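*Asks:*
In our numbering, the protein residues as written are 247 to 955.
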């Protein structure tokens, strides 16, 4: 069994005697705290933190990380408090242990909520110290290695969580050695039979192709020696989950996969990487479209390498990766390479660069956490952010931006800065105006056009793909809706108070404060917000305020002046019903709908019969003059069946300075076709002109403005 003395012997290679003494002291403290506790396998519990520390020692993590690994379950599983740990081992170790610990003292009925809250807590701790996630990954890796004693259903649940969250985080931080093992262990737990069959097939293939692999490896090494290029060729084998995914996605059997084995060439410098690439392309013919230069354009996790696929002996494809020794260390250790180089007392920009990229990613997670409505929404954003295929685009200044495949200019704008995304109105792609919803492609140069006062459009949620853009848009829209509902609620309450010759500004502060206290509301804005969203009846609130101000009995409420529909309200707390499509000039009435605010209907709308049964929920409204805003209106056309109908209608509508939002056709009989069309028009007069033009067409038999029931 691996002991603390064995670990101490290993640590002598890069830690001082004092640091090793502190690590041993943390182990003995944990051993005493966990005394009597055993794992499901029957081993003393302290073997787990010792194994976690051993994993971190492989990455040359610092002594505080190793101490946190020893103590990471003490707060959660024993009576020791964070304050006691900090007193014994210092604030940094206490913060690391607390960041890794779950929210154990909170009782959850829903495991998904518990998982989301724990991840959210860990992200906040990561923002203070990135070592939190490295300790957590090592903890999860040892737990995955020892899943054997758990029930099959619990194995699958933990493995699925590991695959969805922790393996992706390891990938995002570039810690490839941990990622690969987490993925394979998760795959074996979720699909044990498939994993075992693939493992056996790989063993058989290794025997069958051993001579071929040796021959290719020898040929590549000989090529380097002949060209006097420094480099070492090593064979590599794809891990189980990677093989399984390739079989599943390409619908191939294992025997059809020719690239289960590949080769890696490790050299001294970036210049040598490119010279070796030229040599191997001269030796074997490259496969078109299979070359990737991750040295010039590194992945977001800091990974750098040249990838190429060659037509090898007997047509077998050969996958070759070419990289420097520093790049190899980054590929295996990622963010942990920062401490690896630190332990070696060397100043390596590749290590510090990985650390900076990790902190930038964590800052992005924090921004998503602030914008998310709850922990479940946040964890969904995190899952979406970890980690789809990527594209690389350029800013006008030539800076490289990495985005997930399918990302749009709006995603790009929010990646630059949240304020840029919020103020975005248009974009140029390769110096030409383009649609904001158009998916971007690698190599394009993207320029965002902004305007003061611009704001996000709810339709953007239909095409953005990055978690950052989605959470920022939702956050803005929620905030905007609240602001608009507060303004509307204040207007509605002032209208009702005017009937009593009062206004909100005239009311003494004590009267409003007393009402808020009775209703258990924090402030007046919360009252206005609920009124604006139809949650409270304005008349009853106004009457109570007036009663408190005037005293005595009040006369019945006289008829109030109609509420003016202000420009822009249709996107916030005042909405227009899609059953009757009201337009400026129509006789309209408002209905207070809970959660929606005031919904405007045409007075002739059949849906109003039931809605206005409660007169206190109805609001008299009126159109103001000069409403410069297009609104939808629905028409039903009966037309003689003929070719080119839709094109002719589109031309007529365009000529009338209107737009088609939606058009549907249905065949009424052999002679007639019925067309349902929704137009964007300015007002009732504008619509009347369009209907008149339509009726002048000889093949149109009837045009009616419809109310959908």
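Ideal placement from N, C-alpha and C gives every residue a C-beta, glycine not left out. No experiment lies behind these values; they were computed from the predicted model shown.
According to the neighbour-count rule (16 or more other Cβ atoms, all chains shown, within 10 Å of its Cβ), is residue 724 buried or exposed?
*Replies:* Residue 724 comes out exposed.
*Asks:* Skipping 5 residues on each side, what residues in its chain have a beta carbon closer than 6 Å to that of residue 529?
*Replies:* These residues qualify, in order along the chain: 469.
*Asks:* Which residue wins for smallest C-alpha separation from residue 569, given the options 527, 492 and 522?
*Replies:* Out of 527, 492 and 522, 522 has the C-alpha closest to the C-alpha of residue 569.
*Asks:* With a CB to CB cut of under 7 Å and the five nearest residues on each side skipped, what residues in its chain are close to residue 313?
*Replies:* Only 268, 269, 272, 335 and 339 meet the Cβ criterion.
*Asks:* Quick check on the DSSP output: the beta strand (DSSP E) that includes residue 565 runs from which residue to which?
*Replies:* 563 to 570 is the span of the beta strand (DSSP E), which, as asked, contains residue 565.
*Asks:* Straight-line CA distance for residue 551 to residue 686?
*Replies:* Roughly 24 Å separates the two Cα atoms.
*Asks:* Do you know offhand how far residue 342's Cα is from residue 318's?
*Replies:* Each residue's alpha carbon lies about 8 Å from the other.
*Asks:* What does a CB cutoff of less than 7 Å around residue 352 pick up in its chain, not counting 5 residues either side in sequence?
*Replies:* Only weak support exists for where residue 352 lies, its pLDDT of 42 falling under 50; the value from the coordinates is given anyway. Cβ neighbours of residue 352 beyond the five flanking positions: none.
*Asks:* Can you find the residues in the same chain that come closer than 8 Å, C-beta to C-beta, to residue 525, ignoring five residues on each side of it along the sequence?
*Replies:* Within the same chain, residue 525 has close Cβ partners 469, 470, 473 and 475.
*Asks:* Would you report the Cα separation of residue 711 and residue 833, rounded to the nearest angstrom?
*Replies:* Those two C-alpha atoms are separated by around 42 Å.
*Asks:* Any idea what DSSP makes of residue 311, helix, strand or coil?
*Replies:* The answer is helix: DSSP assigns residue 311 an H, G or I state.
*Asks:* Assuming the contact rule is C-beta atoms closer than 8 Å, residue 743 and residue 669 should be a hit. Round their C-beta distance to whole Å, please.
*Replies:* Actually they are not in contact, since the Cβ atoms of residue 743 and residue 669 sit about 37 Å apart, beyond 8 Å.
*Asks:* When you compare each of 386, 345 and 672 to residue 374 by their alpha carbons, which one comes out closest?
*Replies:* When each option's Cα is compared against that of residue 374, the closest is 345.
*Asks:* Taking the alpha-carbon positions, what's the residue 554 to residue 408 distance?
*Replies:* Each residue's Cα considered, the two are about 31 Å apart.
*Asks:* Straight-line CA distance for residue 501 to residue 663?
*Replies:* So the two alpha carbons sit approximately 48 Å from each other.
*Asks:* Going by the beta-carbon positions, is the gap between residue 790 and residue 761 smaller than 8 Å?
*Replies:* Their beta carbons are under 8 Å apart, which means residue 790 touches residue 761 by this criterion.
*Asks:* Roughly how far, in whole angstroms, is the beta-carbon of residue 835 from the beta-carbon of residue 849, given that I think they are within contact range, below 8 Å?
*Replies:* Indeed they touch by this definition, with Cβ atoms about 5 Å apart.
*Asks:* Could you check which residue in 559, 649, 895 and 922 has the C-alpha nearest to that of residue 908?
*Replies:* The residue with the shortest Cα to Cα distance from residue 908 is 922.
*Asks:* Measure from the alpha carbon of residue 695 to the alpha carbon of each residue in 682, 706 and 516, then state which is nearest.
*Replies:* Checking every option, the nearest Cα to that of residue 695 belongs to 682.
*Asks:* My assumption, with CB atoms under 8 Å, is that residue 448 sits in contact with residue 509. Please give the rounded CB distance.
*Replies:* That belief does not hold up - the Cβ atoms of residue 448 and residue 509 are roughly 16 Å apart, past 8 Å.
*Asks:* Is it buried or exposed, residue 679, if we count other Cβ atoms within 10 angstroms and call 16 or more buried?
*Replies:* With fewer than 16 Cβ atoms within 10 Å of its Cβ, residue 679 is classed as exposed.
*Asks:* 8 Å is my cut-off, CB to CB: does residue 379 come that close to chain C?
*Replies:* This model lacks chain C altogether, as it is built from one protein chain only.
*Asks:* Which complete beta strand (DSSP E) runs does the region 870 to 898 hold, if anything under 3 residues is left out?
*Replies:* Runs of the beta strand (DSSP E) inside the region 870 to 898: 877 to 886.
*Asks:* Name the two residues that bound the continuous beta strand (DSSP E) containing residue 691.
*Replies:* Neither: residue 691 is in no beta strand (DSSP E) and is coded neither H nor E.
*Asks:* In chain order, what residues of the same chain lie with their CB nearer than 8 Å to the CB of residue 728, ignoring the 5 residues before and after it?
*Replies:* Taken in chain order, the residues that qualify are 775.
*Asks:* Would you identify the three-state DSSP class for residue 593, choosing helix, strand or coil?
*Replies:* Because residue 593 sits at a pLDDT of 46, beneath the cut-off of 50, its placement in the model cannot be relied upon, and the following sentence gives the value as read from the coordinates. Three-state result, residue 593: coil.
*Asks:* What does DSSP give as the partner residue(s) for residue 531 in the beta ladder?
*Replies:* Note: residue 531 sits in a beta bridge opposite 557.
*Asks:* How about residue 947 and residue 884: are their beta carbons less than 8 Å apart?
*Replies:* Yes.
*Asks:* Per the DSSP calculation, residue 539 is bridged to which residue(s)?
*Replies:* 552, per the DSSP bridge assignment.
*Asks:* For residue 909, which of helix, strand or coil comes out of DSSP?
*Replies:* It is a strand residue.
*Asks:* Taking all protein chains shown into account, do 16 or more other C-beta atoms lie within 10 angstroms of the C-beta of residue 432, making it buried, or fewer, making it exposed?
*Replies:* It counts as buried.
*Asks:* Applying the criterion that 16 or more other CB atoms from any shown protein chain within 10 Å of the CB defines a buried residue, is residue 207 buried or exposed?
*Replies:* A question about residue 207 goes unanswered here, because the residues of the chain that appear run from 247 up to 955.
*Asks:* Would a C-beta distance cut-off of 8 Å place residue 637 and residue 651 closer than the cut-off?
*Replies:* Taking 8 Å as the Cβ cut-off, residue 637 and residue 651 qualify as a contacting pair.
*Asks:* Just tell me which of 549, 544, 333 and 566 has its CA closest to the CA of residue 531.
*Replies:* When each option's Cα is compared against that of residue 531, the closest is 566.
*Asks:* Fully enclosed by the region 443 to 485, which beta strand (DSSP E) runs are 3 residues long or longer?
*Replies:* Runs of the beta strand (DSSP E) inside the region 443 to 485: 478 to 483.
*Asks:* Can you tell me the Cα-Cα spacing of residue 714 and residue 543, whole angstroms?
*Replies:* Their backbone Cα atoms lie some 22 Å apart in a straight line.
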